[in-house]
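Residue numbers (the working numbering), protein chains in the order written: chain P, 1 to 484; chain G, 485 to 630.
Scroll down for the structure; my scribbles are underneath it.
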């Protein structure tokens, strides 16, 4: 038993799994489980323990409230939080999904190698920076009227493909084929539409990015699985995108937090934190939010699709060959801020993942045929100065964590402290000397994202590997980055 | 006029928290608005060429401040405007107890070439959100999702 960063008892279950029993906080319905090595656990902020045990008090929660090793303080749920609820008696909570609904990761492969790209890297990054708008107030190149935007909400990536912003083959390589059923635009406010209608195909700011990365032979851990995922090594160039539903999703979350504050009084639900506002999943308010959240989720898939289209155009323009000839297929696209209805031993459950990635194991019927043998690709972004990882889901994740794993490295330093520690322009120059070209809209925003402000992603990845909930496939090293 | 704000590092590791203070509700609203404005942009780089009037009513001062700050975030995305400064007149209707705001935001369309843009604020949150009176001073604690 330990009491690291918390007054609560934290019992070791295995070297990578720790449990806070229900006796540690009044109202806990299930224990809380944290995935971490002892060193990762000791580096977690106290908010993680407080918040994961608050989640364990929510009505209808099943088995455990979980937190992944990249966990840190969030709103309501900790970042890295996973919780599943009985749909008949349990709740849905925007605080378990986050303001950036379907914030997620996409990885695109190419047949290019470092030696092909290095001589034109500056030109490529300039072209990507021009074609993929980033930062405050950026607008996408796709002009939508209200009807178009409602179709984006309903159809997600299918709308993009129908309108020339993607390939038919892209659909199978995206979680849910880029379109979650049940999206209902009538459940979305005018404010949300007005915030999002001009933002399709934009990155945003904060920790969102577009990176050009290298898959080197010495950083491929499972060659057979990597090959099945289209990662061939030999200094292969890949592109990673991290962004979400932009102002549209942020407003959907804000709108329904207000709805749920009132609904909780009606349903007699009390929570430990205002940001855990929730409603019974089957209530009118719960179903309205779920339908609106799916609109935002589909728009986020479409956002990453339009960005992919622009990335392909940038590569075509710089390398003078078509994206098809360059082998620019999507490896996978997966959400890490979402709630979904999924089937487990208990039956159908409403699984909330906030800063946590779905990690379905081999054989899952939800996976496309091409990944049914390998398990689902999981894309985990590190800081812009270090590596990112490609992993695959496992059977053990299906049994232990509702098919979930980590999503990134997790911050350890405040934004203000990072800005005091380094200037954005100096960081940009230092990274250029190390072979990483950075294009950024905001130099202060760049400083906030310095590598030293984040946990060591390799240690986080090792934790989920040893815990058996994902398997390492490859580490991807950045050589170019676009930041908002 | 003695309104101030300061950012709170210890509260929000991945995001941004601030405490705003004023000698009156009106000053508090100006201070908090300025904190949100400066999170998004360096206001000295924004020309005062557009004005937005905000009229709001709410049952509590905390609800009214939340709506006022959320308006700044909404206008950033929906109308692509960032601001240089804010003025606010906040009163309480003695009969109904309702709070009213007459606010003005002065700024300009977003222009990355001339403005020093900072963070694209996603939302004003209710995490640790608080508006309180400390003697003659009005104080608010706000966490922004970045």
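For glycine and all other residues, C-beta sits at the position ideal for the given N, C-alpha and C.
Cβ pair residue i, residue j closer than 7 Å
i, j, result
"residue 355 of chain P", "residue 92 of chain P", "no"
"residue 467 of chain P", "residue 374 of chain P", "no"
"residue 498 of chain G", "residue 205 of chain P", "no"
"residue 450 of chain P", "residue 473 of chain P", "no"
"residue 105 of chain P", "residue 242 of chain P", "yes"
"residue 244 of chain P", "residue 102 of chain P", "yes"
"residue 511 of chain G", "residue 487 of chain G", "yes"
"residue 97 of chain P", "residue 379 of chain P", "no"
"residue 490 of chain G", "residue 527 of chain G", "no"
"residue 435 of chain P", "residue 110 of chain P", "no"
"residue 260 of chain P", "residue 195 of chain P", "no"
"residue 197 of chain P", "residue 129 of chain P", "no"
"residue 240 of chain P", "residue 107 of chain P", "yes"
"residue 340 of chain P", "residue 351 of chain P", "yes"
"residue 200 of chain P", "residue 161 of chain P", "no"
"residue 398 of chain P", "residue 361 of chain P", "yes"
"residue 487 of chain P", "residue 270 of chain P", "Coverage of chain P is limited to positions 1 through 484, which leaves residue 487 of chain P absent and any answer about it impossible."
"residue 461 of chain P", "residue 405 of chain P", "no"
"residue 623 of chain G", "residue 505 of chain G", "yes"
"residue 630 of chain G", "residue 137 of chain P", "no"
Classification of residue i by the beta-carbon crowding that lies within 10 angstroms, buried from 16 upward
i, result
"residue 14 of chain P", "exposed"
"residue 284 of chain P", "exposed"
"residue 263 of chain P", "buried"
"residue 250 of chain P", "buried"
"residue 80 of chain P", "buried"
"residue 370 of chain P", "exposed"
"residue 265 of chain P", "exposed"
"residue 385 of chain P", "buried"
"residue 254 of chain P", "buried"
"residue 224 of chain P", "exposed"
"residue 72 of chain P", "buried"
Opening and closing residue of the alpha helix (DSSP H) in which residue i lies
i, result
"residue 492 of chain P", "The requested residue 492 of chain P is not part of the displayed model; chain P covers only 1 to 484."
"residue 105 of chain P", "Counting along the chain, residue 105 of chain P falls outside any alpha helix (DSSP H), though it belongs to the beta strand (DSSP E) covering 104 to 113."
"residue 157 of chain P", "157 to 162"
"residue 434 of chain P", "Taken as a continuous stretch (DSSP letters only), residue 434 of chain P belongs to no alpha helix (DSSP H), as it is neither H nor E."
"residue 247 of chain P", "246 to 267"
"residue 558 of chain G", "545 to 562"
"residue 574 of chain G", "Premise fails: residue 574 of chain G lies in the beta strand (DSSP E), 565 to 576, not in any alpha helix (DSSP H)."
"residue 457 of chain P", "457 to 466"
"residue 193 of chain P", "190 to 196"
"residue 54 of chain P", "46 to 55"
"residue 372 of chain P", "Unbroken run through residue 372 of chain P: none, as it is neither H nor E."
"residue 126 of chain P", "121 to 131"
"residue 443 of chain P", "443 to 448"
Per DSSP, cross-strand counterpart(s) of residue i
i, result
"residue 349 of chain P", "P:342"
"residue 534 of chain G", "G:591"
"residue 380 of chain P", "P:389"
"residue 299 of chain P", "Residue 299 of chain P pairs with nothing; no bridge assigned."
"residue 539 of chain G", "G:586"
"residue 210 of chain P", "P:241 and P:482"
"residue 505 of chain G", "G:488 and G:623"
"residue 615 of chain G", "G:624"
"residue 525 of chain G", "G:601"
"residue 174 of chain P", "P:333"
"residue 495 of chain G", "None, per the DSSP bridge assignment."
Short CB-CB distance (under 7 Å) between residue i and chain B
i, result
"residue 532 of chain G", "Going by chain labels, chain B is absent from the structure shown, which instead holds the protein chains P and G."
Boundaries (first-last residue) of the beta strand (DSSP E) holding residue i
i, result
"residue 240 of chain P", "236 to 243"
"residue 69 of chain P", "65 to 72"
"residue 470 of chain P", "470 to 483"
"residue 629 of chain G", "621 to 629"
"residue 35 of chain P", "32 to 35"
"residue 400 of chain P", "Note, residue 400 of chain P: premise wrong, no beta strand (DSSP E); alpha helix (DSSP H) at 395 to 400."
"residue 20 of chain P", "17 to 20"
Taking a Cβ distance cut-off of 8 Å, strictly less, list which residues of the stretch 193 to 206 of chain P are near chain G, in chain order.
In summary, the residues of the stretch 193 to 206 of chain P whose CB is separated from some CB of chain G by less than 8 Å are 194, 195, 196, 198, 199, 204, 205 and 206, in the order they occur in the chain.
Taking beta-carbon pairs under 7 Å, can you tell me which members of the stretch 411 to 441 of chain P lie near chain G?
For the stretch 411 to 441 of chain P, which is checked against every Cβ of chain G, the residues closer than 7 Å are 411, 414, 415, 416, 417 and 441.
Report the residues of the stretch 142 to 170 of chain P with a CB closer than 9 Å to any CB of chain G, ordered along the chain.
Within the stretch 142 to 170 of chain P, no residue has a Cβ that lies closer than 9 Å to any Cβ of chain G.
For the stretch 94 to 111 of chain P, which residues have a beta carbon sitting closer than 7 Å to at least one beta carbon of chain G?
Those would be 99 and 100, in chain order.
Taking any Cβ of chain P, which residues in the stretch 491 to 502 of chain G have a Cβ under 8 Å from it, in chain order?
For the stretch 491 to 502 of chain G, which is checked against every Cβ of chain P, the residues closer than 8 Å are 491, 493, 494, 496, 497, 498, 499 and 500.
Check each residue of the stretch 324 to 340 of chain P: if its Cβ is closer than 8 Å to any Cβ of chain G, include it; give the result in chain order.
Against chain G - using a Cβ distance shorter than 8 Å - the stretch 324 to 340 of chain P contributes no residues.
What are the residues of the stretch 235 to 252 of chain P that lie near chain G, defined by any Cβ-Cβ distance shorter than 8 Å?
Cβ proximity to chain G below 8 Å picks out 246, 247, 250 and 251 from the stretch 235 to 252 of chain P.
Taking Cβ-Cβ distances below 8 Å as the criterion, which residues of the stretch 585 to 612 of chain G are in contact with chain P?
Going along the stretch 585 to 612 of chain G in chain order, one finds 594, 596, 600, 601, 602, 603, 604, 606, 607, 608, 609, 610 and 611 with a Cβ nearer than 8 Å to chain P.
Under 8 Å (Cβ pairs) to chain P, residues found in the stretch 506 to 517 of chain G
Correct list: empty, as no residue qualifies.
Selection of the stretch 26 to 51 of chain P by Cβ proximity to chain G, strictly under 9 Å:
Cβ contacts with chain G: 45 and 47.
Closer than 7 Å, Cβ to Cβ, to anything on chain G: give me those residues from the stretch 120 to 136 of chain P, in chain order.
Here the close residues are 135 and 136.
Give, in chain order, every residue of the stretch 535 to 555 of chain G whose Cβ lies closer than 8 Å to some Cβ of chain P.
Taking a C-beta cut-off of 8 Å against chain P, the contacting residues of the stretch 535 to 555 of chain G are 554, listed in chain order.
Contact residues within the stretch 68 to 85 of chain P, judged by C-beta distance below 9 Å to chain G:
Residues passing the 9 Å Cβ filter: 72, 73, 74, 75, 76 and 79.
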